[in-house]
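Scroll down for the structure; my scribbles are underneath it.
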Amino acid sequence: MDDDLSQHYQGSPELLMFLASTVHDMKNSISVLSGTLEHLLVASPAAQAAPAAPAADPAQYQQLGQMLYQTRRLNDSLIQLLALYKEVGKPGYPFDPGPRSVRELVEQVEGQARILLQSRGIAFETDFAPDAIWTFDEELVIGVLVHAINNAIRYTRDRIRLSVRVDGDYLELRVEDNGSGFPPAMLAAGAGAMDAREAQDLRVRFSSNSSGLGLYFSSEVARMHRHRQRTGAIALENGGDGSDGSLGGGCFILRLP
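With our numbering as the guide, the letters of the sequence shown map in order to residues 2 to 258.
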């Protein structure tokens with residue numbers, strides 16, 4: 002190894018720390034911008050006139066909604082990059098599971114998504130057992146679900162549903178939409194996200210204009226949830242014609258033991 006290359010590798014930890022610090026600063030700035038956009042949307046006459054998702058938004062309202070959507074996507078990516086830097090899924094990564102109320106989980110997710118969905122004219126539906134209690138890391142699971150909702154905005158026509166139910170020994174959380182479904186490359190990426198692999202073998206994918214970062218983060222969060230011999234998992238599927246009560250579009254599934 003020549004001297005220049007040797008120096009490069011010796012300096013890599015410092016470079017990574019610098020990049021992580023930069024990403025953290027960017028995330029904070031994006032969060033401030035996102036909060037400002039939310040305030041402007043709430044104060045908009047269009048939102049006040051029709052708070053349940055206006056059917057014919059003024060151009061300015063739509064533009065603010067698009068700006069909020071893009072800042073949310075960027076913020077998601079920055080959070081996930083920081084999680085990779087901190088080695089999500091490894092023993093040292095912050096993980097705080099405990100008995101949580103499903104109702105409170107749904108309310109928090111809905112609260113984070115409400116303004117963005119309203120600004121896009123998208124109806125948000127929920128279906129869950131209000132008295133259900135399950136053990137999970139609330140902050141991580143909320144992050145996964147909010148990311149799934151932000152992703153569903155790309156594919157839906159005008160409806161997104163969050164449903165939560167107990168399925169045997171698992172809590173199943175589903176985010177579905179009424180669009181035309183996920184493209185084949187996205188479904189393949191979802192299936193591949195649960196393949197066993199070492200962290201150093203992580204490959205960033207650029208299928209369907211997506212790096213696969215969100216799916217990798219979600220799969221690692223799922224795997225961190227274990228009970229006895231069971232492990233959490235994620236999946237992507239398309240809902241067919243909707244005759245079974247589904248919305249008929251794409252569906253993100255998170256299963257927690």
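By construction, the Cβ of each residue, glycine as well, lies at the ideal position given by its N, Cα and C atoms.
Status (buried if at least 16 other CB within 10 Å, exposed otherwise) for residue i
i	result
residue 228	exposed
residue 250	buried
residue 194	buried
residue 181	exposed
residue 40	exposed
residue 29	exposed
residue 77	buried
residue 190	buried
residue 185	exposed
residue 258	buried
residue 134	exposed
residue 112	exposed
residue 126	exposed
residue 35	buried
residue 230	exposed
residue 81	buried
residue 221	buried
residue 233	buried
residue 13	exposed
residue 60	exposed
residue 107	buried
residue 262	Residue 262 lies beyond the stretch modelled for the chain, which goes from 2 to 258, so this question has no answer here.
residue 44	exposed
beta-carbon residue i near the ligand NAD non-hydrogen atom, thresh 7 angstroms
i	result
residue 124	For the structure depicted, the ligand NAD is absent and the ligand set is empty, with no information on it obtainable.
Counterpart residues of residue i in DSSP-defined beta bridges
i	result
residue 251	239
residue 234	256
residue 161	125, 178
residue 171	168
residue 136	100
residue 226	Looking at the DSSP assignment, residue 226 forms no beta bridge with any residue, so it has no partner.
Cβ distance (whole Å) where residue i is taken to contact residue j below 8 angstroms
i	j	result
residue 252	residue 177	4 angstroms
residue 165	residue 129	4 angstroms
residue 255	residue 219	7 angstroms
residue 66	residue 101	Rounded, the Cβ-Cβ distance is 31 angstroms, inconsistent with contact.
residue 225	residue 90	6 angstroms
residue 1	residue 124	No information on residue 1 is available, as it lies outside the stretch 2 to 258 that the chain covers here.
residue 31	residue 69	That pair is no contact at about 11 angstroms.
residue 110	residue 79	So it is not a contact: roughly 20 angstroms between Cβ atoms.
8 angstroms Cβ cutoff, residue i in contact with chain D
i	result
residue 116	In the structure shown, chain D does not exist; there is a single protein chain.
Within the region 91 to 133, ranges of the alpha helix (DSSP H) (whole runs, at least 4 residues): As far as the region 91 to 133 is concerned, its whole alpha helix (DSSP H) runs of at least 4 residues are 103 to 120.
Three Cβ pairs or more, each shorter than 8 angstroms: is that satisfied between the region 83 to 97 and the region 122 to 142? Segments in contact, yes.
Report yes or no: do three or more beta-carbon pairs, one from the region 232 to 239 and one from the region 155 to 166, lie closer than 8 angstroms? By the Cβ rule, the region 232 to 239 does not count as touching the region 155 to 166, because fewer than three pairs are nearer than 8 angstroms.
Pairs of beta-carbons, one from the region 145 to 154 and one from the region 117 to 136, closer than 8 angstroms: are there three or more? Between the region 145 to 154 and the region 117 to 136 there are three or more C-beta pairs closer than 8 angstroms, enough to call the two in contact.
Is it true that the region 72 to 87 meets the region 17 to 37, where meeting means three or more beta-carbon pairs spaced less than 8 angstroms apart? As far as the Cβ criterion goes, the region 72 to 87 touches the region 17 to 37, which means the pair count is three or higher.
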